Structure formats: C-alpha cells, structure tokens
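In terms of our numbering, the sequence shown opens at residue -5 and continues consecutively.
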Amino acid sequence: GAGRPGQPSAGGATPAGDFAPFWFAVPVARPLFGEDGSPTPIAELAPGTWYLAVEQRGTGLVAQTQDGRRGVLQDTSGIQRG
C-alpha cells in the first residue's frame, strides 16, 4: 500500500465535510440527547464546563461529556469554541 490509510491524498487538503473535533462551552444549560434519537436527555451540558464536539450530526453536534458519555447537542446557537 502507498502511504498510511486515512491520509489526505491532495497534498494535505482537507476534503469538504471533514470534521475536526473541538472543545466548546454552552452559554446556558442545554440538554444532551442520546445518539439513538431518543427524546429523553441523557445529560445536561452546563455553562462554564468544556465539552468535546466529536462529530457533526445534521445541524447539531455529537458531544462527549467529561465522564465519557456521548450524545447529541441539538441547539448549538451561541456556543463558545475553545
């Protein structure tokens, strides 16, 4: 094989739609919903705490809490990126 798998082919250019994880904080408490689309929140994101966005999910973000739980933040308005 030429090169390592997953390496960008075009001189290090990032293909459109590629997501780079980033840290973020919410301006007000926001519910975090399960990745299965369940309407019941699995956690609450609190202001003043940093969370890791690991994936884009439609208009929302898949966020990981500091205890390792993952869920979907549907309302990303006003978030502060780290």
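Using N, Cα and C, we set each Cβ at its ideal position, and we do this for glycine too. None of these values were measured; they are calculated from a predicted model.
Taken atom to atom, the span from the alpha-carbon of V66 to that of G42 is near 19 angstroms. In the structure shown, the three-state DSSP call for V20 is coil. The three-state reading of DSSP puts E29 in coil, since its state is none of H, G, I, E or B.
If you check the CB distance, P35 and P21 do not come in under 8 angstroms.
If you draw a 10 Å sphere on the C-beta of A57, you find 16 or more other C-beta atoms in it, and that means buried. Taking 8 angstroms as the upper bound for CB-CB distance, F27 and Q68 are in contact here, some 6 angstroms apart.
Pairing T59 with A37 gives a Cβ-Cβ distance under 8 angstroms.
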